[in-house]
Amino acid sequence: MQYPAEPPFDPEAAPTEIVLSAGGRALRLAWPDRTAATLGAEALRLGCRCAWCTRDRIQGRFPAGFAAVAVTQIAPMGGYALHLGFSDGHARGIYPFVYLRELARITPAAERTPRAA
20 MQYPAEPPFD
30 PEAAPTEIVL
40 SAGGRALRLA
50 WPDRTAATLG
60 AEALRLGCRC
70 AWCTRDRIQG
80 RFPAGFAAVA
90 VTQIAPMGGY
100 ALHLGFSDGH
110 ARGIYPFVYL
120 RELARITPAA
130 ERTPRAA
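Anchor point for the sequence shown: position 3 equals 22 in the numbering used here, and the numbering is continuous, going up by one each time.
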């Protein structure tokens, strides 16, 4: 089996800085091109694309918000993503760096910062 010469992800999408705020309510990311963003835990939880969350969205059962949620676990995943766990017990989310950058781009500024719990 031959492997591709290039990695299956954009190396420019890998953050140069990943900082979880005290209390886990926000994740700050910076990239090689000097852009940076802060994503609130709620925006990250709402953005989960795991099979469970996808199913709940399709079935109309996905919550509209997670006001008091915090990121409780963060781990690198295969050099291309972060695995996040949340205070509501959800720990199935894998967030590719490309997706995190896209979330930072499309999430309105008001939703990127944590709301008061």
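No residue lacks a Cβ here, since even glycine has one placed at the ideal position from N, Cα and C.
Check                                                                                                                                                   : Outcome
Using the DSSP secondary-structure output, state which residues sit across from PRO57 in a beta bridge.                                                 : The question names Pro, but residue 57 is Thr in the sequence shown. According to DSSP, THR57 bridges with ARG47.
Quick check: the Cα distance between GLN78 and ARG64, rounded to an integer number of angstroms?                                                        : 18 Å
With a threshold of 8 Å, are at least 3 pairs of Cβ atoms found where one atom belongs to the segment 54 to 72 and the other to the segment 106 to 125? : yes
Answer with buried or exposed for GLU61, where buried requires no fewer than 16 other C-beta atoms within 10 angstroms of its C-beta.                   : buried
Pick helix, strand or coil for ALA41, following the three-state DSSP scheme.                                                                            : helix
From VAL88 to ASP52, what does the alpha carbon distance come to, in whole angstroms?                                                                   : 30 Å
Could you give the distance in angstroms between the alpha-carbon of ASP107 and the alpha-carbon of PRO30?                                              : 32 Å
Return the CA-CA distance between ARG80 and ARG74, expressed in angstroms with no decimal places.                                                       : 8 Å
Among residues of its own chain, excluding the 5 on either side of PRO127, which ones have a beta-carbon nearer than 8 Å to its beta-carbon?            : none
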